[in-house]
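All residue numbers for the sequence shown refer to this note's numbering, where the first residue is 5 and numbers rise by one. All C-beta atoms in this analysis are idealised placements derived from N, C-alpha and C, irrespective of residue type, glycine included. See structure below.
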Amino acid sequence: MIRVNKGTIRFAALLLMLLVSAAVASAEPPKVRLGVPPWQGAEAKSAVVAEILQATGYEVETVSAAAVLIFQGLGRGELDVNLSAWVPGQEEAFGPRVDSAEINILGENLRGARTGLAVPISLYQDGLRSMSDLARFAKEMDSTIYCIEPGSGANAVAESAIRDDLYGLGGWRVLPSSTQAMLTHVGRAIRRDRATVFCAWAPHWMNEAFDLHYLDDPADHWGGPGATQVLTLAWSGLPEDAPELTEFFRRFQVDAETQSQWVHAYAREDGALEQVAREWIQANLDLVAPWLAGLQTPAGDDAVRVLSEVAAAW
């Protein structure tokens, strides 16, 4: 009779379980953690990226948080990528982490971006054409600049202008709110022909929905023509841990008109983010293909081919 040691059996069983667990773990798709602030443009852009990555074999986790918390998460390696770092507005918030090599700048993902202060066109016709004119309208505007979520680059630039008494704004204040609340205020002010000044940017549907005018900025406090950039940030370990993924993010770039289309379909036409993203990808595979050309999926397949096959089945 052949006798088998029970300890040997238990060891063999344990070894088999470990091997099975390792095989299952290796089959799990790699996870990409996107840090997304509660801004419609960032949400729409991140949704397009998420659909591309999921179609090509990644698991995507979207983490919604204030921009400053996202930068902290990137620096600690708790998040992988952020697609909405505005320069110059947010450079002070993430720049030190770039300097200390906690965060990498992968590139500029948006062409044609613009930021500044805007007013209804009726005020422009009344002579308010430059930020240097704002002090003359302080009473009508209650010395208030309407802006968006605390911690945003738009708020930071406006607050620094007030702090430095630029354009005679020393006695003014920035009133933060959600983006939607600010835009509701702007729409109401325009309908009632009331004076207001607010943080504005492109791309965004506000530029189509409202008859507005961007105020001249003689001091180039908002960066001057062409100075506004929207950057892709990644935690410093991503290029080594995921070179193919990093290359995709280095290539990913759209123009302001394209992002405006996403935001309009999502925010103005109440389209579901996933559906807006998928429909655009299906209709624009020729634009998406260069972002993936020559890259492989986590399973080792051609990324362009896999995306095309998945998108056809959506």
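Under the DSSP definition of a beta bridge, Y218 partners with A122. Around the beta-carbon of G45, 16 or more other beta-carbon atoms lie within 10 Å, marking it buried. According to the DSSP assignment, Q265 belongs to no beta strand (DSSP E) but to the alpha helix (DSSP H) extending over A260 to V267. Take F256, set aside five residues on each side of it, and the residues of its chain with a beta-carbon closer than 6 Å to its own are N113 and W295, in chain order. Contact between L311 and I56 holds: their C-beta atoms lie close to 6 Å from each other, under 8 Å. Annotation: the continuous beta strand (DSSP E) that includes Q233 extends over Q233 to W239.
The DSSP assignment places 44-59 and 71-79 as complete runs of the alpha helix (DSSP H) inside the region 30-96, in order along the chain (cut-off: 4 residues). Separation of the CB atoms of G120 and D259 is rounded to 19 Å, and the pair is thereby denied contact status at 8 Å. The DSSP assignment places complete beta strand (DSSP E) segments of no fewer than 3 residues inside the region 135-218 at 148-150, 177-179, 201-206 and 216-218, in order along the chain.
Counting every other CB atom within 10 Å of its CB across the protein chains shown gives G191 a total below 16, marking it as exposed. At the C-beta level, Q94 and G157 come within 8 Å of one another.
If you ignore the 5 residues before and after K143, its C-beta comes within less than 7 Å of no other C-beta in its own chain.
Residue pairing from DSSP places N108 in a beta bridge opposite A238. R115 is bridged by DSSP to D259.
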